[in-house]
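Residue numbers (the working numbering), protein chains in the order written: chain A, -11 to 297; chain B, -11 to 297; chain C, -11 to 297; chain D, -11 to 297. Backbone N, C-alpha and C fix where the C-beta goes; we use that ideal spot for every residue, glycine too. All remarks here apply to the structure that follows.
4 protein chains.
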Amino acid sequence: MNMPVTEDQAAEIAAQRAIERPTRRTVSPALEERLYRPVPVLDRGFIRVVDYMGDDSAIVQAARVSYGRGTKSVRDDAGLIGYLMRHRHSTPFEMCEIKYHVKLPIFVARQWIRHRTANVNEYSARYSILDREFYVPEPDQLSAQSAGNRQGRGEALEGDEARWVLDTLRRDAETAYDHYEAMLNEGEGADPGRRGLARELARMNLPLNVYTQWYWKIDLHNLFHFLALRGDAGAQYEIRAYAEAMLKTVRAWAPLAYDAFVENRLGGAELTAGQLAVVRRMIAGEEVTRGTSGLSKRVWDELQAALAG
Amino acid sequence: MNMPVTEDQAAEIAAQRAIERPTRRTVSPALEERLYRPVPVLDRGFIRVVDYMGDDSAIVQAARVSYGRGTKSVRDDAGLIGYLMRHRHSTPFEMCEIKYHVKLPIFVARQWIRHRTANVNEYSARYSILDREFYVPEPDQLSAQSAGNRQGRGEALEGDEARWVLDTLRRDAETAYDHYEAMLNEGEGADPGRRGLARELARMNLPLNVYTQWYWKIDLHNLFHFLALRGDAGAQYEIRAYAEAMLKTVRAWAPLAYDAFVENRLGGAELTAGQLAVVRRMIAGEEVTRGTSGLSKRVWDELQAALAG
Amino acid sequence: MNMPVTEDQAAEIAAQRAIERPTRRTVSPALEERLYRPVPVLDRGFIRVVDYMGDDSAIVQAARVSYGRGTKSVRDDAGLIGYLMRHRHSTPFEMCEIKYHVKLPIFVARQWIRHRTANVNEYSARYSILDREFYVPEPDQLSAQSAGNRQGRGEALEGDEARWVLDTLRRDAETAYDHYEAMLNEGEGADPGRRGLARELARMNLPLNVYTQWYWKIDLHNLFHFLALRGDAGAQYEIRAYAEAMLKTVRAWAPLAYDAFVENRLGGAELTAGQLAVVRRMIAGEEVTRGTSGLSKRVWDELQAALAG
Amino acid sequence: MNMPVTEDQAAEIAAQRAIERPTRRTVSPALEERLYRPVPVLDRGFIRVVDYMGDDSAIVQAARVSYGRGTKSVRDDAGLIGYLMRHRHSTPFEMCEIKYHVKLPIFVARQWIRHRTANVNEYSARYSILDREFYVPEPDQLSAQSAGNRQGRGEALEGDEARWVLDTLRRDAETAYDHYEAMLNEGEGADPGRRGLARELARMNLPLNVYTQWYWKIDLHNLFHFLALRGDAGAQYEIRAYAEAMLKTVRAWAPLAYDAFVENRLGGAELTAGQLAVVRRMIAGEEVTRGTSGLSKRVWDELQAALAG
């Protein structure tokens, strides 16, 4: 079981949660309920919301400022937020901001950081010593390379092969960490006869599945962009697990924006001009095949997937 | 007729175009042909390409670095670029960069500058004096407010009303400019008995249809985003005119990316989950009406528009 | 006197301020005290803080996460924040976010928007009708063009010239607005025999000193960058007036960061290699003149200004 | 010796360099000379310029557009570029763009990517297999942790300790890579009885000193920001080695901007208000000590360092 925080951290979180003070700002009661609490992700990771600004009402307020009397025709907030999402009027969503504390393996952090429109403060292994914590997949996620799809996973490995992979991941990580500690030669048990390697150098011996931590702050528009890409079926399982945990926090925080996101992005589809033309023929009753569609195999398959739902 | 540049500028452009030098960089012959030449837009504006970097081959090269052997299955460049566009793999398009010199009315510049992912150097009316040049719409663009759509235009005004509007726009602009010049009290004809108002203050008397100029540099991914929003039927005509002129330069520069953009963005459609569900029922032969669709009127109308093509 | 808000707005602000709810987030009591209240700027403008996230403690928390045990040597928060500011460790400051509602003339808005690292929702004159409100300078700000400095102002105009400028600014603005209203032909007093020009077109008749409004959200690092540039003596008076009003809100919100900003940016100076060399010679007791300094006149003058304090 | 590219790559580079075509764009002959050629960095890394746009003349052109007649008083290009740099007028520098191909260890890539204002396409270990290449420091860079400075290095390790660290880094990397290959179970020598782990999972066994590659594109203003931070004495040696190699390409490309950068950033200093006050007292002939300076020890030491040059 993932017990993501230490006893010290649990005490700190309890202390953070114990203090309530009055504010004149917008308050999201459902997010207050979750504030500071870690949500376990993977075997030793977590996300937790540590601050936020605005909620659905901030989106509506910004849109009504921008579009003024023009928004009167969209009478309710849900309709207005759906309209903004459909027409990619992104600036009202930027008025909401959220800050997470995340613990994640470095290979996941490397994918994550490619999203440039966020603010980040990461635990620095130049200044500090990383803990002995590594990600090792659950057996059902220990997948073979997909034969058909270069970016996907196939079936899970089994038996001896699975056992060997898991043992090797664990053993190599432990060995690398033992040597990291020996290179550092710091703290209790340090050898006074050796000087110890600089932290910024010793870390290079650690594997990509070692855990790191960061504070990550982003506005809701860019968070939706992140969640659409990283919560997608084509994303690697390990980062998707984080996206899914974060998506639940968005549902608590800004439920109307969440609904619009699910309706328009997660559940919707973008069709090309050629795919739209095929859909029109199908609706007119024509029996269209891959051969008569005029689409490439890949584009045809993507249309089938969209229509299958 | 729009003669967008002065004689001096025409001479400078001819001089720029006369020099050719060897380079080892990627060269786009079709864009070289257009380089520096102003393309008229509106009554006195223009765009012209003054520099560029990369073309379709830079997109393909970047994608093949990222996806490595995984891209071998997409054999030709057009297929690969279409795939990247469909799946919003935007970073390869960011490897191309283009720089425009643009002359445009200030109210258009105010919409334009909302796109934050570009580099801009604008002619400064703090330091320099703006020319006596104003945008006045062609009669067929002198539109009434749309009754049904707050953000659209209705039919063109006619007769006396049209004449009065055009006369007033011209007259108010001329008066404002006369007073701007008198406030500045600079150059030939200046009154030595007066000191003249600071340029940074005098400019506030000018109307929003006065022309300004800037250099504007952007990567191809963000340019497509700009062109999708500003080339859309919902955009104001005056900025759309610029988007359309720029779109032609993209076709010359990166024809495969241009085709993918037209196929996927301009000619395609994003359907919501609810709209997709209706499409499935229609393809299955069901006669779906607004009433049985479960969609709001607005979402239903947008689906009809997408299916009408 | 600037009474920046209407009676309706004053009632809305009172209502916003009346509600207090409990939160577990960081609370800045001094900023809560000011929340929603408009601070007058120029003759009819204002700024008001409408939301915020974090304060000094969020900066410290982010820095201690990043630098871990390395920050123990900087024991107090003020010292740590000063260290971060001096060494341009900007990411901890990005963990604080603030949202303003601003009413400002369009020529000021055009300078302001050049800062691209903020979120903006502006009142749209495509969708809505702008109010009859214009900026007209106070007599002591009605400055002549500086003779020596292209970007500065000289002495204030006086007597007849000042009167004529103020009268003309007012009269041209009123005329332009009268015609704007007549072109729109909406609301009470509209002529049913005319259709009225589209709002998105009619606005082009308005001058650059008409007031607009927006919501503007930015993180503290980028706000400091904005305030350093726009609060500088070289900035135009009209935008500096906004920067100064905002600076006071930062002092209330994050006093340690404010102090570090004043000490390091506003009160400090950047010296070039050549200027540093001159300073070293001066400290060694040498009498250095412009002639023996090896500096250009401009760089020499800037050094004198920095040393004069 | 670092032979950074394979024979195949060398042939490709020769082919790229062999083609020259005419262009009307700005051409930097000194950068053309270096174009595509890898410059070795660390033991197996490199940088090479693969494209560029603009040079010093583009900066000057943009500044003269912005400041118009106001720039006439700064007559020569070097003086104008120095002025822009000193006064942080950054937009003209943004008109130049450069694209590098970089091969670098992952722990360096993690520091590098924190600069968000660039475009990146990295070799993907989800899609492709990483090569067996690791960074191992030269003996003179195998430094002990600094005692006084958490972020610096002390003296190099020596003798048995140095040997043990180098051996361990090499051995752990080789073991990790052997197991990576065995987990993948692809290509020649693959065991047909096993399926092989997905690439996106197997990579997590690799250490942080494994080499990766990317295309990285950035404008000159943001490149200078990167080079100021990563070329600083406080930066980790391994990333500084890249910054220094890139700095030489900037000198070839935009020599006036390079000189201004060295004069103003690399060789200059930012003084706080308190430091400036001490400098004034010193110039006035006062003997100021740490005790009478009113500065903290850290700020005093930084002033001494700035004055020592």
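Contact check, residue i vs residue j, beta carbons under 8 Å
i                      : j                      : result
residue 134 of chain C : residue 144 of chain C : no
residue 91 of chain C  : residue 199 of chain C : yes
residue 17 of chain B  : residue 226 of chain B : no
residue 203 of chain B : residue 89 of chain B  : yes
residue 188 of chain A : residue 182 of chain D : no
residue 147 of chain C : residue 251 of chain D : no
residue 15 of chain D  : residue 9 of chain B   : yes
residue 11 of chain C  : residue 274 of chain A : no
residue 343 of chain D : residue 295 of chain C : Absent from the structure is residue 343 of chain D, since the part of chain D shown begins at -11 and ends at 297.
residue 104 of chain C : residue 104 of chain B : yes
Endpoints, the beta strand (DSSP E) within which residue i is located
i                      : result
residue 89 of chain B  : 85 to 93
residue 249 of chain D : Unbroken run through residue 249 of chain D is the alpha helix (DSSP H), 243 to 249; no beta strand (DSSP E).
residue 130 of chain B : It is not in any beta strand (DSSP E) - residue 130 of chain B carries neither H nor E in the DSSP assignment.
residue 43 of chain D  : It is not in any beta strand (DSSP E) - residue 43 of chain D carries neither H nor E in the DSSP assignment.
residue 185 of chain C : Per DSSP, residue 185 of chain C belongs to no beta strand (DSSP E) and is neither H nor E.
residue 108 of chain C : 107 to 110
residue 206 of chain B : 199 to 207
residue 180 of chain C : Segment: none, residue 180 of chain C is in no beta strand (DSSP E) and carries neither H nor E.
Same chain only: Cβ atoms within 6 Å of residue i, ignoring 5 sequence neighbours per side
i                      : result
residue 95 of chain D  : 196
residue 193 of chain C : 164, 167 and 168
residue 237 of chain C : 37
residue 85 of chain A  : 41 and 207
residue 113 of chain B : 191
residue 70 of chain A  : 248
residue 5 of chain B   : 24
residue 209 of chain C : 78, 81 and 82
residue 253 of chain B : 216
residue -6 of chain D  : none
residue 256 of chain A : none
residue 291 of chain B : 263
Contacting residues, own chain, Cβ-Cβ under 8 Å from residue i (five flanking each side not counted)
i                      : result
residue 153 of chain A : 130 and 145
residue 278 of chain A : 285 and 288
residue 174 of chain A : 117 and 184
residue 44 of chain B  : 65, 69, 242, 243, 244 and 245
residue 235 of chain A : 215, 219 and 246
Beta-bridge pairing of residue i - partner residues as DSSP gives them
i                      : result
residue 219 of chain C : For residue 219 of chain C, which the question treats as bridged, DSSP gives no partner whatsoever.
residue 36 of chain B  : B/89
residue 257 of chain B : A/259
residue 318 of chain B : Nothing can be reported for residue 318 of chain B: it is not among the residues displayed for chain B, which extend from -11 to 297.
residue 29 of chain C  : C/33
residue 195 of chain C : B/195
residue 79 of chain C  : In DSSP, residue 79 of chain C forms no bridge with anything.
residue 11 of chain A  : C/9
residue 122 of chain D : D/198
Close-in-space but distant-in-sequence residues of the same chain around residue i (CB under 7 Å, 5 per side omitted)
i                     : result
residue 27 of chain A : 34, 35, 36 and 233
residue 22 of chain A : 37, 237 and 240
Terminal residues of the alpha helix (DSSP H) in which residue i lies
i                      : result
residue 115 of chain B : No alpha helix (DSSP H) contains residue 115 of chain B, which DSSP labels as neither H nor E.
residue 18 of chain D  : 17 to 22
residue 290 of chain B : 285 to 296
residue 65 of chain C  : 65 to 74
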